[in-house]
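Beneath this line is the structure, given in structure tokens, with notes to follow.
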Amino acid sequence: MNEVFIFKTSVDTPAHVERVASLFRSIDAIRQWSFDLEDCDRILRVVALDFEPEAVVQLLMTAGISCEHMEYEL
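Counting from 568, one number per residue, gives the positions in the sequence shown under the numbering used here.
Below, the structure is given as structure tokens:
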């Protein structure tokens, strides 16, 4: 089942977004993703299948992007 994860990030330029895009292209479990760069927390929303949020955090950290999983309930 797909899960939705929300992250606070340090992404603030189109170059950062492209860096994330190149990382996510290689991961089949990530179905969709998007940024809200107008939000003060520069929100990243990820829809993934059988994928842990900590894996997204670690992946972005390898690219020099800070990322924090934000807990929420629908």
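Glycine is no exception: its CB is placed at the ideal position from the N, C-alpha and C atoms.
Delimiting residues of the beta strand (DSSP E) encompassing residue i
i	result
Leu616	Ile610 to Leu616
Glu635	Cys634 to Met637
Ile597	Ile597 to Asp603
Classification of residue i by the beta-carbon crowding that lies within 10 angstroms, buried from 16 upward
i	result
Leu616	exposed
Val571	exposed
Thr580	exposed
Arg592	exposed
Alpha-carbon to alpha-carbon, residue j and residue i
i	j	result
Val613	Ile597	7 Å
Val578	Met568	28 Å
Ile573	Pro620	9 Å
Terminal residues of the alpha helix (DSSP H) in which residue i lies
i	result
Thr580	Taken as a continuous stretch (DSSP letters only), Thr580 belongs to no alpha helix (DSSP H), as it is neither H nor E.
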